[in-house]
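For reference, the structure discussed in these notes is given below.
In the numbering used here, the protein residues as written are -11 to 198.
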C-alpha cells in the first residue's frame, strides 16, 4: 500500500447555481452512480479520488457546495488552500450561465490566491443530454468566448446522467490543480529564499552587539 506521505493532496472547489448538477458530476466521476432524484446540497461536502498523474500519486479532494446564493457564507477559510476551482452551469439554463462571473469574482475574493490572474479555473457546461440538446440555450461558442475573457480557462461539456465526458473533465481539472500546486511550491520556496537573503544582507546596526 502506498504511503500517504508520498501522495499529493489537491483541493478542488466546485461552484455553481443549485440544480446544475455539481453533486451528480462528482458522484458519477467517483462512484459511477447517477441519482435521478434531486437533493439539494446543504453547506459543503467532499469526495476523494486517487489518481496517478505525471508519475505522481495524487488524491483529488473535490468539494461540493450549496448553490451560488449560499456558498459565500461558508467563509474564507473554506476556500483557502484550493488548487483549482470548477465552475459548473446548466447549458439549458441561461441564469446559471449568467451568474458565472459573480461566482468567479467571489471565489477570488474569498480564496485570495497569491497570483489571482494565474489561478486555475475550469468551466463545465453540464446536462448536454437533456431533450437531445433541443432545450439548450447557451451555445458552446458563447461559453468558449466567456472563457476567453477569463484567461482562456479550459472548457468541457458533460452529461452526468449519461456519463459523457465526465472523466475527461475531471482529469483536466486534476492536471490544472497539479500545475497550480507546483507553482505554489515554487512561489513559497522563492519567497523563503528571498526572506533569507534579505536577512543575510541586512546591514549590521551600530552599537554593542551583546
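Heads up, the beta-carbon is just placed ideally off N, CA and C, and yes, glycines get one too. All figures in this text were calculated on a predicted structure; none of them were measured in a lab.
- With contacts defined as CB atoms closer than 8 Å, residue 117 and residue 152 qualify as a contacting pair.
- 8 Å or more divides the Cβ of residue 112 from the Cβ of residue 67.
- Residue 102 counts as exposed, since fewer than 16 other C-beta atoms from the protein chains shown sit within 10 angstroms of its C-beta.
- Between residue 35 and the set 47, 83, 41, the nearest pair of CA atoms involves 47.
- Here the C-alpha atom of residue 88 lies approximately 18 Å from the C-alpha atom of residue 13.
- The DSSP assignment places complete beta strand (DSSP E) segments of no fewer than 3 residues inside the region 114 to 168 at 143 to 145, in order along the chain.
- The C-beta of residue 160 has 16 or more other C-beta atoms within 10 Å across all chains shown, which makes the residue buried.
- Taking the Cβ atoms as the reference, residue 85 lies roughly 5 Å from residue 126, within the contact range of under 8 Å.
- Residue 18 sits in a helix when the DSSP states are folded into three classes.
- Residue pairing by DSSP places residue 45 opposite 40 in a beta bridge.
- Annotation for residue 97: the continuous alpha helix (DSSP H) segment containing it runs 88 to 99.
- In this structure, residue 9 lies near residue 76, with their beta-carbon atoms less than 8 Å apart.
- One Cα belongs to residue 5, the other to residue 106, and the distance between them is close to 24 Å.
- According to DSSP, residue 109 shares a beta bridge with 73.
- Rounded to whole angstroms, residue 43 and residue -4 show a C-alpha spacing of 11 Å.
- The residues -1, in chain order, have a CB closer than 6 Å to that of residue 69 in the same chain once the five nearest residues on each side in sequence are set aside.
- Pairing residue 41 with residue 166 gives a Cβ-Cβ distance under 8 Å.
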